Amino acid sequence: MATAILGLQWGDEGKGKITHLLAQDADMVVRFNGGPNAGHTVIDRGVKFGTHLVPAGVFYDGTLNVLAGGVVVDLDVLRAELEEISAHIGGSPDLLIAENAHLILPYHRLLEEIEGSGAHFGTTRRGIAPTYRDKAAKVGIRAGDLLRPDRLRERLAWRVDQLKRQWATNEQVAALDAEGLADGLLATAEPFLESIGDAAGAIRSALDAGRRVLFEGAQGTLLDLDHGTYPYVTSSSTTFAGLGNSIGVPAPNVARRIGVLKAYTTRVGEGPFTTELDDDTGILLRERGGEFGVTTGRPRRCGWLDLVAVDHAVSVNGATELALTKLDVLTGVDEIKVCRTYRLDGRTTDRFPLSADEMEACEPVYEALPGWSEGLSGAERVEDLPAQAVDYVRFIEEATGVPVGIVSYGPAPEETIHRTL
Ligand code: IMP
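Position 354 (the sequence shown) corresponds to 1829 in my numbering; numbering is contiguous.
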């Protein structure tokens, strides 16, 4: 009954649409990693949303939306998103925030700025890395701390004092006021206090009772802290391998693992990108695909499909099925290139290097496939697509060894093919 949706590239694969579609049949939707660095584009009943933190079940009545322990929560962002969505659906979505989820506080965003890591790595500047760093250093503030205000004040006072000693010459840090921070945080948290609880227990019970649980991944495998292109990665586990740890339930209980991949590749921020196109085709993909960040508005770097990277991501996630998105963006491209191997130091390899330096040195080896010019609208089955598009889908299946269960060829929910596998 449980399904996980995971990105197989550098994020922005179109997970938002796929999750929104599948969430309509879910009893529980669980976001399991990252924070408001994510940007999921969702069209619900004709209205477009760019969500960052809320699980996709917020659009449906009776669905419990869980922010699991591996998520970092910015309560201001959460409040703003819930207000917008409540106005749209005419009610308040059901929400459960894991007591062990860490909170993003104003000083996390400040630290990212003064350390310069936002500019250096091209991060989303949402305070993600400093928050996960505090978690690992055991100096973070968790959602459960909001239920014990005295303890929260104590921990905040200690942490702010520590920051002031570490950043003795920085005026903005010197101006931090632990009491004021605690007052503000507790006021913002007030409407959420009843929603904070034992998420792992709730997920376990739902799975045991055979409820339909959907796990919603953010970012993509190549941004995974351990399995991505370190150090140009995010700070959470974006993969199925990390899911079990975040939710507190053994991952094998999730049998359907959908890896979402875009028909081409994009990346925002810094870091190696072997199949990047610096030519007119790259510009065409960006414009046709609307490839601008949902969270930051930055233009995304665009390139051909990199099946070496996808293959790595399929393995890390044990993907049982693929969801291929944005196939329509390739319509009208005469010749579509796909990379299945790299050239590195004069040799050909199909191994995805985990070191950014090694990856910078890789050159793509392309195979060319004929494109199609006909529009894809109205296709209900893969066989309804132009012959060359069918071949492209089959090529991806053959190269990855994983069947394509979903094909998306436009932003609207109806521009989707669902296959029974
Ligand atoms: P951070 O997650 O803000 O620390 O950013 C680290 C890297 O991950 C940067 O290159 C970001 O652009 C990228 N990133 C983080 N979240 C997303 C996402 O949801 N989609 C695409 N890229 C992301």
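The C-beta atom is built at its ideal place from N, Cα and C for all residues, glycine as well. Fair warning: this is a prediction, and the values are worked out from it, not measured in the lab.
Taking every protein chain shown into account, the CB of I1722 has 16 or more other CB atoms within 10 angstroms, so this residue is buried. At least one heavy atom of ligand 1 is found less than 7 Å from the C-beta of T1598.
Taking a 10 Å sphere around the C-beta of E1587, we find 16 or more other C-beta atoms and assign the residue as buried. Around the C-beta of S1710, 16 or more other C-beta atoms lie within 10 Å, and the residue is accordingly described as buried. Distance from E1810 to A1843 at the Cβ level is roughly 5 Å; contact confirmed, criterion being Cβ atoms closer than 8 Å. Using a 10 angstroms sphere on the CB of I1572, the tally of other CB atoms reaches 16 or more, which defines it as buried. Taking the CA atoms as reference points, T1824 sits about 56 Å from P1624.
If only uninterrupted alpha helix (DSSP H) runs of at least 4 residues are considered, those enclosed by the segment 1793-1871 are 1831-1835.
Residue state for H1702 is assigned as coil, using DSSP reduced to three classes. Short of 8 Å from the beta carbon of L1896, and not among the five residues preceding or following it, lie these beta carbons of its own chain, in chain order: E1796, P1878 and G1880. In this structure V1735 touches G1489 by the C-beta definition: roughly 6 Å separates them, less than 8 Å. Using a 10 angstroms sphere on the CB of D1609, the tally of other CB atoms reaches 16 or more, which defines it as buried. Here G1591 is not bridged, per DSSP, to any residue.
Considered as a whole, the segment 1534-1565 harbours 1539-1542 as its complete beta strand (DSSP E) runs of no fewer than 3 residues, in chain order. In terms of side-chain proximity, the C-beta atom of R1815 is found no nearer than 7 Å to any non-hydrogen atom of ligand 1.
The residue among P1725, Q1484, R1679 and P1747 with its C-alpha nearest the C-alpha of F1596 is P1747. Cβ neighbours of A1681 within its own chain (closer than 7 Å, five residues either side excluded): D1502, M1503 and V1688. Counting along the chain, no alpha helix (DSSP H) covers I1572; the unbroken beta strand (DSSP E) around it starts and ends at D1569 to A1573. Contact annotation: the segment 1760-1772 does not touch the segment 1831-1846, with fewer than three C-beta pairs closer than 8 Å. For D1781, the secondary structure class from DSSP, reduced to helix, strand or coil, is strand. Closest by C-alpha distance to S1883, out of Q1484, A1477 and T1494, is T1494. CA-to-CA, the gap between G1778 and T1740 works out to about 5 Å.
Counting along the chain, L1481 sits inside no alpha helix (DSSP H); it lies in the beta strand (DSSP E) bounded by residues T1478 to G1482. By the Cβ test, the segment 1517-1524 is not in contact with the segment 1694-1707, since fewer than three Cβ pairs between them sit closer than 8 Å. Judged by DSSP in its simplified three-state form, I1881 adopts strand. Between E1691 and R1554, the C-beta spacing is not below 8 Å. Ligand 1 has no heavy atom closer than 7 Å to the beta-carbon of V1808.
Taking the C-beta atoms as reference points, G1768 is found nearer than 8 Å to G1514. Only buried fits I1871, as 16 or more other CB atoms lie within 10 angstroms of its CB.
For S1710, the shortest separation between its Cβ and any heavy atom of ligand 1 lies below 7 Å. If you check the C-beta of A1513 against ligand 1, you find a heavy atom less than 7 Å away. Of the heavy atoms belonging to ligand 1, none sits nearer than 7 Å to the Cβ of L1829. Contact between G1545 and S1712 holds: CB atoms are separated by about 7 Å, below the 8 Å threshold.
Taking the Cβ of I1603 as the reference point, at least one heavy atom of ligand 1 falls within a distance shorter than 7 Å. Note that the segment 1692-1702 does not touch the segment 1642-1652; fewer than 3 beta-carbon pairs, one per stretch, sit closer than 8 Å.
Not one heavy atom of ligand 1 is found less than 7 Å from the C-beta of A1788.
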